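Undergrad: Sharing a structure, written as structure tokens. Questions coming.
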Amino acid sequence: MKFKKVLALAMVATMAVGALAGCGGNKDDKKESDAGKVYYLNFKPEADDAWQALAKEYTKETGVEVTVVTAASNKYEETLMVEMGKSDAPTLFHVNGPVGLNNWKDYCMDLSDTDIYKNLTSDDYALIDNGEVKGIAMAIETYGIITNTKLLAQAGYSVDDIKGFEDLKRVAEDITARSDELGFAAFTSAGMDDSSNWRFKTHLANLPIYFEYQAENETSTDAIKGTYLENYKNIFDLYINNSTCKPTELSGKTGDDSESEFIDGKAVFFQNGSWEYNNVIGDGKLAAEDVTMIPIYIGVGDEANQGLCTGTENYWCVNGTADEKDIQATLDFINWCVSSDEGTTAMANDMGFVIPFKDAKETENVFVKKDAEMLAAGKTTIPWSFTTIPSETWKNDLGSALNAYAGGTGTWEDVEKAFVDGWATEYKAANQK
Amino acid sequence: MEKAVRKYWPIFLLPTAAAFSVGFLYPFIQGLYLSFCSFITIDRATFNGLENYKYVLTDTSFLHSFWFTALFTVIVTVLINVGAFALALALTSKIKASNMFRTIFFMPNLIGGIVLGYIWQILLNGALSILEKPLLALDETYGFIGLLILMCWQQIGYMMIIYIAGLQSIPDDYIEAAKIDGATEGQILWKIKIPNVMPSITICMFLSLTNGFKLFDQNLALTGGEPAHASEMLALNIYNTFYGRSGPQWKGYGQAKAVLFCIMVIAISMLQLKATKSKEVQQ
């Protein structure tokens with residue numbers, strides 16, 4: 001009897017220890033420092049290591065604790081929602097533009113009196129809502145058609161031959177006609193898989209949206225007209241009919257397929273952006289001198305002076321609901337990142353960003369250099385108007401329609417419907433109260 | 001021992017009860033409350049009454065997903081259970097290497113849904129492109145069939161193990177006695193084996209029914225809801241509502257759909273349990 005009692009008590013004790021173990025520990029972390037602390041929820045997984053190192057460097061220099069947490073790829077919004085609900089919420093986070101800001105407006109403090117805003121080179125890189133600076137771009141990026149100049153030369157052309165949509169079409173169709181003899185295609189596969197279709201439903205769609213805004217003299221709209229959809233069709237047709245595979249196979253092609261086709265020299269043109277620099281250039285890949293970027297011509301406007309598409313989807317926002325001390329610590333930290341020698345060097349070299357601040361360091365990225373070169377030559381940069389797209393659903397529906405069109409199961413009218421009607425419905429859906 | 005248990009039962013029960021409350025009850029009740037709110041983060045929700053439910057009941061995409069899911073669940077439940085039972089019958093008869101076959105059939109179940117989805121996407125797209133048919137993401141019917149194939153391939157092995165256990169627990173004397181009485185193979189199957197494995201049928205039906213209804217990973221990876229939301233099942237529809245648009249009202253709509261979804265799953269599985277339980281026999 002006694003033994004059984006002891007046994008029962010022993011079991012109870014074991015369970016209790018197990019249950020209570022979770023409550024222990026952590027006591028030491030709670031010491032509040034007077035300097036405040038920074039909690040940065042990072043958006044770019046590829047820059048995680050560099051941020052961790054930079055945060056350590058900053059802590060060593062100033063003693064301020066900086067925590068950097070990186071959300072998994074494509075899971076930023078989910079992670080941010082969860083983290084913001086906690087008592088130790090992020091003090092520094094990202095939004096992707098005016099539409100993303102819609103979710104987080106109440107949390108973003110006005111940054112107009114801060115040092116980092118004063119360091120910004122242009123107001124174009126601030127996210128301004130009702131006169132308040134809610135976000136500041138921390139990196140700017142460029143996209144266009146990445147071109148393999150070596151292959152282009154083999155086909156008998158150079159980038160100087162391409163000055164507009166008509167030239168691009170002529171060159172691409174000529175390469176397709178001789179593809180058996182040349183051994184490569186004009187375009188990499190325009191993959192319509194989720195990992196790749198943003199290049200068309202978002203980045204390529206930027207052009208008809210931008211030109212319509214230009215023509216209508218507006219910067220955003222509640223109902224798009226689709227004036228330049230015919231041009232959108234022309235460029236998309238050019239992509240899908242002159243690529244490495246049949247249009248019907250595109251729905252299964254991924255971003256990786258497209259990238260490796262370009263690296264392996266199976267195609268001359270690859271629509272993508274400056275962030276691809278480390279992926280396409282390097283040992284065992286392509287040489288920097290063989291690769292350049294040309295504007296995406298769709299046959300609208302002054303094509304001779306058209307530049308690359310440059311803008312940002314990376315705005316830093318400071319959590320206004322955080323503790324006063326933590327806000328100050330965060331502002332000091334981000335300003336240090338973009339103005340100190342260590343900070344700017346890390347951002348330019350380790351992360352490969354071009355930052356829109358006065359003390360920015362130059363990077364080696366050929367695509368970014370090309371953009372600067374074109375700007376100096378007086379070409380007009382095309383901004384990222386796609387940040388005004390009313391919702392993720394609009395992009396997905398357009399992607400589906402493009403996919404069905406390429407695969408032959410849908411018509412171009414469906415694409416137009418997704419583009420024009422979808423915009424109106426989605427705008428209403430996103431702005432209803 | 002028994003006395004000790006009677007005396008100390010709260011200490012045994014409390015840790016589990018506490019974990020259950022923290023991990024399940026509390027989030028469930030909060031989720032229920034949030035379905036009446038619009039919110040971005042859960043600590044700052046604004047109550048808006050029945051607005052969310054009103055919207056959800058008029059949302060045609062939700063209705064489409066419901067019918068798509070219901071049809072899928074019915075077909076997949078039948079296919080999986082018939083397939084698994086047939087395999088179990090084959091592998092309990094005396095054939096060579098039946099243990100090896102059991103292992104092989106069980107294996108697909110060890111691979112995660114997302115991975116399986118992508119593997120089958122490549123396989124099926126390869127087959128469809130040879131046949132010159134539209135690929136999975138372009139055609140609702142092929143997407144539907146693709147999902148069926150994938151789910152059967154993944155689940156049959158698992159259910160088979162449960163059926164094998166059920167078949168093996170039938171006492172040999174029953175079957176022997178029936179044979180002596182001159183029962184045919186068919187009669188043995190229908191009159192003895194099936195009534196005696198009813199408990200296994202209950203479990204397998206329950207698992208395949210709820211798995212089919214709650215399917216998410218495989219749907220996301222195989223078709224992603226393409227074309228134009230046509231192959232979007234309920235769970236994916238909820239996910240897309242929640243994250244597809246910005247603004248606090250959409251989180252509320254998604255939450256309301258999730259609550260309705262939960263009620264549906266509970267109701268359907270209760271009905272099924274009741275129906276099959278009543279057919280179970282005592283050995």
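Chain order of the listed sequences is A and B. Quick note on the numbering used here: the first sequence kicks off at 1 and runs consecutively. Quick note on the numbering used here: the second sequence kicks off at 1 and runs consecutively. All residues carry an ideal CB built from backbone N, CA and C; glycine is no exception. A quick note: this is a predicted structure, and the numbers were derived from the prediction, not measured.
(1) Mapping DSSP to helix, strand and coil, what is valine 338 of chain A?
(2) Hey, quick one: how far does the beta strand (DSSP E) through glutamine 432 of chain A stretch, first residue to last?
(3) For glutamate 261 of chain A, I'd like the list of residues in its chain whose CB is within less than 7 Å of its CB, leaving aside the five on either flank, ordered along the chain.
(4) Check for me: the beta strand (DSSP E) holding isoleucine 32 of chain B runs from which residue to which?
(5) If you follow the beta strand (DSSP E) that histidine 229 of chain B is part of, which residue opens it and which one closes it?
(6) Which same chain residues, not among the five before or five after isoleucine 394 of chain A, have their C-beta less than 7 Å away from its C-beta?
(7) Mind listing which residues of the segment 215-249 of chain B have their C-beta closer than 8 Å to chain A's C-betas, in chain order?
(8) Which residues in chain A sit within 8 Å of serine 129 of chain B, going by Cβ to Cβ distance?
(9) Based on Cα-Cα distance, which residue from A:Asn319, A:Glu216 and A:Val159 lies nearest to leucine 41 of chain A?
(10) Taking buried to mean at least 16 other C-beta atoms within 10 Å of its own C-beta, is aspartate 371 of chain A buried or exposed?
(11) Can you tell me the Cα-Cα spacing of phenylalanine 36 of chain B and isoleucine 128 of chain A, whole angstroms?
(12) Let me confirm a value: alanine 116 of chain B is counted as buried when at least 16 other C-beta atoms fall within 10 Å, else exposed. Which label applies?
(13) For the beta strand (DSSP E) holding threonine 59 of chain A, just list the boundary residues, first then last.
(14) Does chain B have any CB closer than 8 Å to the CB of glycine 282 of chain A?
(15) Where are the alpha helix (DSSP H) runs, 4 residues long or more, that stay fully inside the segment 192-239 of chain B, in chain order?
(16) Does alanine 256 of chain B have its Cβ less than 8 Å from a Cβ in chain A?
(17) To be precise: take each residue of the segment 49-62 of chain B, compare its Cβ to all Cβ atoms of chain A, and keep it if any distance is under 9 Å. Which residues remain?
(18) Quick one, which residues of the segment 98-112 of chain A are near chain B if we go by CB-CB under 9 Å, in chain order?
(19) Report the three-state DSSP secondary structure of serine 278 of chain B (helix, strand or coil).
(20) Compute the minimum distance between the beta carbon of valine 66 of chain A and the heavy atoms of the ligand MN, and state whether it is under 7 Å.
(21) Please confirm if the segment 326-346 of chain A is in contact with the segment 50-67 of chain A, defined as three or more CB-CB distances below 8 Å between the two stretches.
(22) I'd like the list of long-range same chain contacts for glutamate 166 of chain A, defined as Cβ closer than 8 Å, with 5 residues on each side in sequence excluded.
(23) Which chain A residues sit within Cβ distance under 7 Å of asparagine 125 of chain B?
(24) Is serine 129 of chain B near glutamate 249 of chain A, with beta carbons less than 8 Å apart?
(25) Can you name the residues of chain A whose CB is closer than 7 Å to the CB of threonine 41 of chain B?
(26) Excluding five sequence neighbours on each side, which residues of the same chain lie with their C-beta closer than 7 Å to the C-beta of serine 208 of chain B?
(27) Give the list of continuous alpha helix (DSSP H) stretches no shorter than 4 residues that lie fully inside the segment 311-384 of chain A.
(28) For glycine 226 of chain A versus valine 420 of chain A, is the C-beta spacing smaller than 8 Å?
(29) Shortest alpha-carbon distance to glutamate 230 of chain A belongs to which of A:Asp222, A:Gly265, A:Thr219 and A:Leu207?
(30) Go ahead and label glycine 49 of chain B buried or exposed: buried means 16 or more other beta carbons lie within 10 angstroms of its beta carbon, across all protein chains shown.
(31) Report yes if the C-beta distance between serine 73 of chain A and isoleucine 209 of chain A is below 8 Å; otherwise report no.
(32) Return the Cβ separation of alanine 71 of chain A and threonine 79 of chain A in integer angstroms, given the expectation that the two are a contact with Cβ distance under 8 Å.
(33) Mapping the DSSP letters down to three states, classify glycine 156 of chain A as helix, strand or coil.
(34) Less than 8 Å between CB atoms is the rule here; does glycine 255 of chain A satisfy it with respect to chain B?
(35) Provide the residue span of the beta strand (DSSP E) that contains valine 443 of chain A, from first to last.
(36) Chain B partners of glutamine 432 of chain A, CB-CB under 9 Å?
TA: Concretely, from the data shown:
(1) helix
(2) Taken as a continuous stretch (DSSP letters only), glutamine 432 of chain A belongs to no beta strand (DSSP E), as it is neither H nor E.
(3) Thr188, Ser189, Thr244 and Ala267
(4) The sequence given here has leucine at residue 32 of chain B, not isoleucine. Leucine 32 of chain B -> not in any beta strand (DSSP E); alpha helix (DSSP H) instead, spanning 26-34.
(5) It is not in any beta strand (DSSP E) - histidine 229 of chain B carries neither H nor E in the DSSP assignment.
(6) Correcting the residue type first, residue 394 of chain A is tryptophan in the shown sequence and not isoleucine. Taken in chain order, the residues that qualify are Gly422, Trp423 and Glu426.
(7) Gly224, Glu226, Pro227, Ala228, His229, Asn240, Tyr243, Gly244, Arg245, Ser246, Gly247, Pro248 and Gln249
(8) Thr248, Glu249 and Gly252
(9) A:Asn319
(10) buried
(11) 32 Å
(12) At residue 116 of chain B the sequence reads leucine, which differs from the alanine that was named. Buried, since its Cβ has 16 or more Cβ neighbours within 10 Å.
(13) Careful: threonine 59 of chain A lies outside any beta strand (DSSP E), inside the alpha helix (DSSP H) at 48-62.
(14) no
(15) 198-213 and 217-222
(16) no
(17) none
(18) Val99, Gly100, Leu101, Asn102, Asn103, Trp104, Asp106 and Tyr107
(19) coil
(20) Ligands are entirely absent from the displayed structure, and the ligand MN is therefore not among its contents.
(21) yes
(22) Gly299
(23) Gly252
(24) yes
(25) Met81, Met84 and Gly85
(26) Val76, Thr77, Ile80, Asn81, Gln155 and Met159
(27) 324-339, 341-345 and 366-376
(28) yes
(29) A:Leu207
(30) exposed
(31) no
(32) 4 Å
(33) coil
(34) no
(35) What the structure shows of chain A is the stretch from 1 to 433, and residue 443 of chain A is not part of that stretch, so it cannot be assessed.
(36) Gly247 and Gln249
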